[in-house]
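Asks:
In this note's numbering, the protein residues as written are 3 to 195.
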């Protein structure tokens, strides 16, 4: 999505993209003997909000929750795992789906409604909360990418709103899909913290 701009380089997205490009160059035939494929590009899972220091909040010593995120006022295409079932199985299609385009401001506001302050931090502050962030995450063609470098590209794509979804089409095709609020309510997210 970011073209060849190195600031959006993300090894695990690049790998998925190469496989998807290869598959989409081949016919998809529904049979037991030939290749049948669907490429579902979904983005991040809402369930990742449970992962401290990735999407989920960390509790500071003063009791406040902080959603470590460098996306500022931009969006992350997120999907509830239950919504993936709906889109998988459409043979020969490349689908870009999400349950919701989540703004970290939504998460901060949600925490305020729970009587706890929230906020977000910069990319450097986010990375400082990780252990071993400078360890290699991928080695390709002799070049090494660290966990920090990989996720700088990943977060930058969200921060710059490079990753988009046609939410009108998604809601038309799957009107009972999740939103952030629906997922939080169903999963009693406030009780998880």
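Each residue gets a CB set at the ideal place from its N, CA and C atoms; glycine is no exception.
Hey, how far is the Cα of residue 100 from the Cα of residue 56?
Replies: 19 angstroms
Asks: Please check the pair residue 45 and residue 51, which I expect to be a contact at CB under 8 angstroms, by giving their CB distance rounded to whole angstroms.
Replies: With a Cβ gap of about 13 angstroms, residue 45 and residue 51 do not count as contacting.
Asks: Under 6 angstroms Cβ to Cβ from residue 152, same chain only, skipping five residues before and after it: list those, please.
Replies: 12, 13, 139
Asks: Assign residue 24 to one of two classes, buried (16 or more other C-beta atoms within 10 Å of its C-beta) or exposed (fewer than that).
Replies: Here residue 24 is exposed, its C-beta having fewer than 16 other C-beta atoms within 10 Å.
Asks: Would the beta-carbon of residue 167 fall within 8 angstroms of that of residue 111?
Replies: no
Asks: Apply the 10 Å Cβ neighbour rule to residue 183 and answer buried if 16 or more other Cβ atoms are within range, or exposed otherwise.
Replies: It counts as exposed.
Asks: Once you ignore the five residues that flank residue 85 on each side, which residues in its own chain have a CB closer than 6 angstroms to its CB?
Replies: 101, 179, 180
Asks: Alpha carbon to alpha carbon, what distance is there between residue 185 and residue 48?
Replies: For residue 48 and residue 185, the gap between their C-alpha atoms comes out near 8 angstroms.
Asks: Can you grab the Cα-Cα spacing for the pair residue 15 / residue 64, in whole Å?
Replies: 36 angstroms
Asks: In the DSSP output, which residue or residues are listed as bridge partners for residue 175?
Replies: Bridge partners of residue 175: none, in fact.
Asks: Could you spell out where the alpha helix (DSSP H) holding residue 80 opens and where it closes?
Replies: Unbroken run through residue 80 is the beta strand (DSSP E), 77-81; no alpha helix (DSSP H).
Asks: What does the Cβ neighbour count give for residue 71, buried or exposed, with the cut at 16 atoms within 10 Å?
Replies: buried
Asks: Which whole-angstrom value describes the C-beta separation of residue 150 and residue 163, a residue pair presumed to lie in contact below a C-beta threshold of 8 angstroms?
Replies: In fact, because the Cβ distance is near 22 angstroms, the residues do not count as touching under 8 angstroms.
Asks: Within the continuous alpha helix (DSSP H) that includes residue 16, where are the two ends?
Replies: 13-26
Asks: Is it buried or exposed for residue 187, if we count other Cβ within 10 angstroms and need 16 for buried?
Replies: Around the beta carbon of residue 187, a 10 Å sphere encloses fewer than 16 other beta carbons of the protein chains shown; the residue is thus reported as exposed.
Asks: With C-beta atoms as the reference, is residue 104 less than 8 angstroms away from residue 42?
Replies: No, these two residues do not count as a Cβ contact at 8 angstroms.
Asks: Between the beta-carbon of residue 94 and the beta-carbon of residue 33, is there less than 8 angstroms?
Replies: No, the Cβ-Cβ distance between residue 94 and residue 33 is not below 8 angstroms.
Asks: Along the chain, where does the beta strand (DSSP E) that runs through residue 98 open and close?
Replies: 96-98
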